[in-house]
Every structure is written in structure tokens, then in C-alpha cells.
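Enquirer: Here you go, one structure.
Residue numbers (this note's numbering): 87 to 396.
Here is the structure:
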């Protein structure tokens, strides 16, 4: 498995080029699944697990890995397929989402593939409202399903969505009623979380599903003679999205004089100092880790006050 993860060290070279690396794995059966290597800390043979009383059935137990106690989730069960049947020498993919670390129990890990986000597509229509896919692609003529991990984690360990008292005052809520915010995220769970948070503040929300859709939407606005910075208080965009990632979306906006003044926050479950550097590289105004309603609300409140004073 060391060979599989060696290329993780090269992943930073892909950012800003609308590229990603997917770690391919299998649960039960031959279906291939993928996870962005940026989320992966390491892959290892499943260690000894300690059962946790009163935990979600999806949590197989916890493992002590490099001095840290990490919950291990049965990804097959979490996505509605029932518990992983073949548990002979299973693997664990240690991941970091929204600044939290957890492991996903899988039957086997295949390899890492280098792809363009344009090759990653939204799930086909008809997969149902409750599906666990955020995107699909093809590798060597095989369908690869990319799981909406944010949906999985939201069900296993829901994140509080309420904004704390005092973060938004009455005056700001009144001003917010005349403002709109553009949000872009491929995860239905993340879109709903952000939308509910923003609606609590009082702003109107326009929610789009991926970077390509957002760029086309903004280009249509400017073709109609409108200025995005006048139409929207800000854009809050995920980074990982099919068709076009948030880094590339931001760079495209900044490279177009007609819309380069739009205030952009990159809002992502990707963690680490690396993202701060990328925010500056592509020209975003800010970076915010998912999902912290008070932090998100505070950023919006600051923008409302700044716009009021300008």
C-alpha cells in the first residue's frame, strides 16, 4: 500500500489545473468507488477495533492509530448497502473532512488515478433523492462512483446548524433582506446547510451545483450587462466539484474584468495550511472550513457591514 500512497506527495502539483487524483477502492462486489486523495491521510490494513457502546451502527469501532483514537465507519453500511460482507483482511482509508479525522472500512484498495475535473460528472438523473453519490466518472471503461461523504458524515454525526445568539443582530438582518448570495456546492447536504444558515441571516440564496454551472451563470449575467458584484454580496464556493473545481472557477472569475470584483469565499471540507496558499494563488478573498455556522454567518455579517459602509 506504500506504493499507492507514494503519489499522494505529488498531489499539490495538480491544484489550479482543474485536476485531481482519485483513490479507487471496492466495497462488496466489483463496483469501483473513488475518493479525492486530498482527503486521504493514509491507507492501512484494518487494525484491531474497540467497540464503542451507544455509537451509530455504522461505526464498527475505534482504532488507535499513531497515538490518536479514530472512529472507523463501515462505508458499505453507511451508504445503505448493509454491512461489509467480505471482511477478510479489509483496509481502512484514514480521511480528514471538515477538520475531523475518521476511517472508512473497505474491502480492497486499488490504485490512484490522475484525472481532470471535466471528466467528473454529476450523478445521472433518476438515481433518487436519497442517493449517496456526489459524482461519477469512468476509468478504463469502468464506472466509478464518488460517494457524497458529507452526506454520510452528516447522518452518522450531525453537525449543529443553528447560529449562536448574538452573531447576527436585528439591524444586520434587516439590511440582509435586500441582498443575495451565490452558493456553489455539489453536495446536496452542504448546499442545504449553507442555504439554511444564510436564510437565517436574511439574505436571498441562489444555489448552484458545480463550478461550470456557476461560471456559465455569471457569464450570462455579464452578457446581459449586469455586474456580479452588484447582483451578489458574495459567492461562497466549494472547492471539490465535478466539471470545474472551486480553484479554477475562482481563477476564471478573476481573469475576467467584467466580474473580477465579486467577493469570493472558498468553503470546503479540505483542511490544512495548503488551502490558505491556494486561496491567495487563485485570488479568492477568504477560506473557510466546513461546516461552522457561526464562522460562516460572521463572514456574511462582515460583508454586509462592509458593503453598507462603502
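We put the CB at the ideal spot given by N, CA and C, even for glycine.
Quick one: using the 10 Å Cβ neighbour count with 16 as the cut-off for buried, is residue 257 buried or exposed?
Expert: As a first step, residue 257 must be located in the chain shown, where it is residue number 171. Burial check for residue 257: the Cβ neighbour count within 10 Å stays below 16, so the residue is exposed.
Enquirer: I'd like the span of the beta strand (DSSP E) that includes residue 258, first residue to last.
Expert: Sequence index remark: in the chain shown, residue 258 carries index 172 (1-based). That residue, residue 258, is in no beta strand (DSSP E); its alpha helix (DSSP H) goes 256 to 262.
Enquirer: Mind checking residue 197: buried by the 16 CB within 10 Å criterion, or exposed?
Expert: Here residue 197 refers to the residue found at position 111 of the chain shown. That one is exposed.
Enquirer: With a cut-off of 8 angstroms on the beta carbons, I'd call residue 249 and residue 281 a contact; round off their distance for me.
Expert: Residue numbering aside, residue 249 sits at position 163 when the chain shown is read from its first letter. Residue numbering aside, residue 281 sits at position 195 when the chain shown is read from its first letter. The pair is not a contact, with the Cβ atoms about 13 angstroms apart (cut-off 8 angstroms).
Enquirer: Specify, as a first and last residue, the run of the alpha helix (DSSP H) that residue 284 falls within.
Expert: Taking the chain shown and counting its residues from 1, the one referred to as residue 284 is at position 198. Looking at the DSSP string, the run of the alpha helix (DSSP H) that includes residue 284 is 274 to 287.
Enquirer: Could you tell me which of 156, 268, 315 and 320 sits nearest to residue 180, measuring between CA atoms?
Expert: For the purposes of this step, residue 180 is taken as residue 94 along the chain shown, with counting starting at 1. It is 156 whose Cα lies nearest to the Cα of residue 180.
Enquirer: Is residue 172 helix, strand or coil by DSSP?
Expert: Within the chain shown, the letter at position 86 stands for residue 172. It is coil, neither helix nor strand.
Enquirer: Quick check on the burial criterion: 16 or more other C-beta atoms within 10 angstroms. Buried or exposed for residue 104?
Expert: Within the chain shown, the letter at position 18 stands for residue 104. The residue is buried, with at least 16 neighbouring Cβ atoms inside 10 Å.
Enquirer: Rounded to whole angstroms, what is the Cα-Cα separation between residue 245 and residue 371?
Expert: Here residue 245 refers to the residue found at position 159 of the chain shown. Here residue 371 refers to the residue found at position 285 of the chain shown. Whole-angstrom Cα-Cα distance: 26 angstroms.
Enquirer: Which residue marks the beginning of the alpha helix (DSSP H) containing residue 269, and which one marks its end?
Expert: For the purposes of this step, residue 269 is taken as the residue at position 183 of the chain shown. From DSSP, residue 269 is part of no alpha helix (DSSP H) but of the beta strand (DSSP E) over 266 to 270.
Enquirer: Buried or exposed, going by whether 16 or more other CB atoms sit within 10 Å of the CB of residue 109?
Expert: The residue labelled residue 109 in the question sits at position 23 within the chain shown. Burial call: buried.
Enquirer: Look up residue 183 in the DSSP assignment and give the residues it is bridged to.
Expert: Numbered from 1 along the chain shown, position 97 holds the residue referred to as residue 183. Answer is 186.
Enquirer: Going by C-alpha distance, which of 390, 297, 347 and 346 is nearest residue 208?
Expert: Start at 1 with the first residue of the chain shown, and residue 208 comes out as number 122. Of the candidates 390, 297, 347 and 346, the one whose C-alpha sits nearest the C-alpha of residue 208 is 297.
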